[in-house]
Amino acid sequence: MSSKAQFIVIAAFLISIIVTSLAVSLYLTATQYQEFRYKPWKEIIINIDKDFKRTLTRILALSTRECNKTFTEANPFPPSEFPSFGTKAKENISYWCQVLVQSYPDAGLQLNLIFNGEELEELSESCNGVEGNDRLIYCCWGSSKSFSVIYAKLAINLIDYGLYGYVSEGYIALNALINNIEIKKMGNKAKVNFTLHVEKEYGEPVASLSIENYNFTNQDTLTGWLIGYLNSNNQLQFLEASNITDFKYSAGGNYNIVLNIEDKNINPENLSLWLWIRDERGILVIASTISHLVTEYFYLTVETDPSEIVDIPGEGYYESGASVTLEAPQSVKVDNEHYLFDHWEVKVTGSNGIPVTYKQRKITVYMDDNYTATACYKLKKHS
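The numbering used here applies: residue 563 is where the sequence shown begins, and numbers increase by one.
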């Protein structure tokens, strides 16, 4: 055999060896990937992780519902201390762990719950309201920035699968922020305008509040909200849906709400507004604020004497300090009777004092109180 033929045979032999080696390598890689991809322990970990978060969510919903009963019924309101969480929350999570271990008898499952109150506080903003922290649940209610949070870690070992040290983190929260409160005071009435931001953990917006679910019941899985306020006698009063004159959702968990409150015992300068908010998971948070901008409005009543012989524009509410110009017609004809303007009389509404008299037809009323302006006419004598 020539050297050229020998070279061809050797080259073909080497190529066949390389191709066979590559095929074997690709086969082993594929089977090892499939083996890794479908390892049973991964499915177990995923299921435990999901169930852990579901359990924490349920525990937080039940705990905030129970605390709300004590918190809302406190006398005087609001309470100075947060209601006790009791032992139910930790007992429930411990019982869940026991049942879970029994659910995987062939996996060598070991669980270790980790509670850390300090780490829990780091997840939440500083509290300016009434707070409670039992190292599993941390609530701050009665603040413009209020929250209900549950946080725990679960260390997982699956001995029979050789898996050690996996840690599942459970963080569930409901946060509420009241902002931009503006109050228009009009006698015993107050028009309240404010914005409300509601979100879950990791900034997920809550978009489920509406007029339809206002004034929620005590069902623990029903989305809803409720508004109350403290009057000047420090009595908690709840508002009806009819008190809500405007309600708009503007995406991102942001709401704009306008209220009308009529109460002789209301003091807008010290109005304490309270909001109960519960999301579709049943988790509840209570937010409150007394920090707001108050603008006082006064009512100007415009009359004539004799009464109702002419309609003079200008009656209504005006912001404190506003200047309102009134102009009475020189003459008025009613049922063949002819009346001539004589003077204006202006006095504080409801007072028995002597009114201020103006002879000119066009006057300006400075609104620093509720006033009544009367345009006085005399019947023109027939010649």
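Heads up, the beta-carbon is just placed ideally off N, CA and C, and yes, glycines get one too.
Item: Pairwise C-alpha distance: Glu-605 and Thr-593; Value: With a pLDDT of 48 at Thr-593, under the threshold of 50, the predicted position of this residue should be treated as unreliable, and no value is reported.
Item: Counted within 10 angstroms of its Cβ, other Cβ atoms place Tyr-625 as buried (16 or more) or exposed; Value: Looking at the sequence itself, residue 625 is Ser, so the reference to Tyr does not match. The residue in question, Ser-625, is buried, as its Cβ has 16 or more Cβ neighbours within 10 Å.
Item: Selected residue, minimal CA-CA separation from Pro-767, among Ser-705, Asn-829, Asn-750, Asn-737; Value: Asn-737
Item: Three-way DSSP call (helix, strand, coil) for Glu-597 in this model; Value: In this prediction, Glu-597 has a pLDDT of 45, which is less than 50 and means its spatial position is unreliable; what the coordinates show is noted afterwards. In the structure shown, Glu-597 sits in a helix (DSSP, three-state: H, G or I).
Item: Assumed close pair Trp-703, Phe-633 - CB separation to whole angstroms, cut-off 8 Å; Value: 7 Å
Item: Phe-800, buried or exposed, once every other Cβ within 10 Å from all chains shown has been counted against 16; Value: exposed
Item: With 16 other Cβ atoms within 10 Å as the buried cut-off, status of Tyr-713; Value: buried
Item: Thr-619, enclosing alpha helix (DSSP H) - first and last residue; Value: 602 to 634
Item: Own chain partners of Thr-807 with C-beta closer than 6 Å, once the 5 adjacent residues on each side are dropped; Value: Val-820, Asn-822
Item: contact_flag[the segment 635 to 648, the segment 853 to 868] where n(CB pairs < 8 Å) is 3 or more; Value: no
Item: Paired residues, beta bridge with Leu-855 - DSSP; Value: Glu-744
Item: Buried/exposed call for Lys-707, threshold 16 Cβ in 10 Å; Value: buried
Item: Gly-679, enclosing alpha helix (DSSP H) - first and last residue; Value: 679 to 684
Item: Euclidean distance between Cα positions of Asn-775 and Asp-897; Value: 56 Å
Item: Per DSSP, the bridge partner or partners of Pro-767; Value: Glu-761
Item: Continuous beta strand (DSSP E) assignments of at least 3 residues falling wholly in the segment 778 to 830; Value: 786 to 792, 798 to 800, 806 to 811, 816 to 824
Item: Span of the alpha helix (DSSP H), counted from its first residue to its last, around Asn-654; Value: 650 to 665
Item: Inter-residue Cα distance where the pair is Lys-753 and Arg-923; Value: 34 Å
Item: Cβ-based burial, Lys-601 [other Cβ within 10 Å; buried from 16]; Value: exposed
Item: Where Glu-597 falls, given that 16 or more other Cβ within 10 Å makes a residue buried; Value: Note that Glu-597 scores 45 on pLDDT, short of 50, meaning its location in the model is unreliable and no value can be drawn from it.
Item: Minimum C-alpha distance to Gly-679 - residue among Ala-717, Val-711, Gly-691; Value: Val-711
Item: Backbone secondary structure at Ile-676 - three-state DSSP; Value: strand
Item: Under the three-state DSSP convention, the category Asp-722 falls into; Value: helix
Item: C-beta atoms of Asp-825 and Asn-793 nearer than 9 Å; Value: yes
Item: Status (buried if at least 16 other CB within 10 Å, exposed otherwise) for Tyr-595; Value: Since pLDDT at Tyr-595 reaches only 43, below the 50 mark, its modelled position is unreliable, and the value read off the structure follows with that caveat. So Tyr-595 counts as exposed.
Item: Contact check, Ser-834 vs Ile-852, beta carbons under 9 Å; Value: yes
Item: Environment of Tyr-764 [buried if 16+ CB atoms lie within 10 Å]; Value: exposed
Item: Chain-order list of residues whose beta-carbon lies under 7 Å from that of Ile-621 (same chain, five-residue window excluded); Value: Ala-651, Asn-654, Ile-655, Ile-712
Item: Spatial distance of His-759 from Ile-721 (CA atoms); Value: 46 Å
Item: Range covered by the beta strand (DSSP E) that runs through Ala-890; Value: Unbroken run through Ala-890: none, as it is neither H nor E.
Item: Cα-Cα separation, Asn-805 to Gly-691; Value: 26 Å
Item: Per-residue burial, Asp-930 [other beta carbons within 10 Å of its own, 16 or more giving buried]; Value: exposed
Item: Beta-bridge partners of Arg-840, as assigned by DSSP; Value: Gly-786, Leu-846
Item: For Lys-909, the first and last residue of its enclosing beta strand (DSSP E); Value: 899 to 910
Item: Alpha-carbon to alpha-carbon, Tyr-933 and Ser-913; Value: 9 Å
Item: Contact check, Ile-718 vs Gln-664, beta carbons under 9 Å; Value: no
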